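The structure under discussion appears below in the form of structure tokens.
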Amino acid sequence: MPVNLLSVNIAASESIIVEGRKRKTGIFKQPRDGRVRVKFLGLEGDLICNPKHHGGPDQAVYAYSDEDYQFWSKDLGKALEPGTFGENFTTSGVDLNALCVGDIFEIGETKLQVTAPRIPCGTLSAIMKQKDFARKFKTVNRSGAYFRVLSEGYLIKGEAIHLLKYEGDRVSLPTFFSDLGRDLSENEIKRYLRLPIDSRSRDKFENKLDNILLVKK
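Okay, here's the thing in structure tokens:
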């Protein structure tokens, strides 16, 4: 099966009610025709409304797969279109749940490196109109993938994706996602700190390691 970009998606700022409060969000992404520029901080024309928790060099691009959308469509009893979960591009023919931290997508001249799973928040529950959807998203563990941009370029619908597997220690996104929610040992934390993970996760792991070492003193 060909591995390619099913859709390339960007968004402007829109308002949404999340847990009773009005917020600005860039989650309502729509497919775009033609080439879309990929820069080190994300797709040109795409908006990040909450830079504290989203975006940045290590979470510049987010991808979700058509195969995982098919799972959700069956589970929810309705079709979900590309961009529904706020991803910058939708893939076809590749199992994102088999990706490991450090894996690279080559798409034309663009190079993207896997850095983290997506941690769902209240905004995802709000757009799905299900109060517990973020919890369900965690339970199902089909997180999609965040990437850092190693080489800038362009993305266009239908373009081929070439996967280069990380040659170091291989930790899958589902494992990473699960480990973020549990207490890890000192050695487990050090394992993650040796990987090319995103800066937000790195900060969390470093804080956990500091606490462990403090208790050992």
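Everything in the sequence shown is counted per the numbering used here, starting at 8 for the first residue and increasing by one.
Where a beta carbon is used, it is the ideal one built from N, C-alpha and C, also for glycine.
Being a predicted model, the structure only gives us computed values, none of them experimental.
Here the C-alpha atom of Thr182 lies approximately 26 Å from the C-alpha atom of Gln137. Between Thr97 and Ser72, the CB-CB gap stays under 8 Å. Counting only residues of its own chain and dropping the five nearest sequence neighbours on each side, Glu51 has a CB closer than 7 Å to the CB of Val43, Arg44. Check the Cα spacing between Trp79 and each of Val68, Thr91, Tyr69: the tightest is with Thr91. When Cys107, Lys29, Lys143, Tyr153 are compared, the shortest CA-CA separation from Pro64 is found for Tyr153.
For Arg42, the three-state secondary structure derived from DSSP is coil. In this structure, the CA atom of Lys145 is about 18 Å from the CA atom of Glu26. Annotated three-state conformation of Val178 is coil, per DSSP.
Between Ala70 and Gly151, the CB-CB gap stays under 8 Å.
Here Cys107 is actually not in contact with Arg198; their C-beta atoms are around 13 Å apart, not less than 8 Å. Shown here for Lys143: not one same chain residue has a beta carbon closer than 6 Å to its own, the five before and five after excluded. Spanning the alpha carbons of Asp75 and Glu213 requires a straight line of approximately 32 Å.
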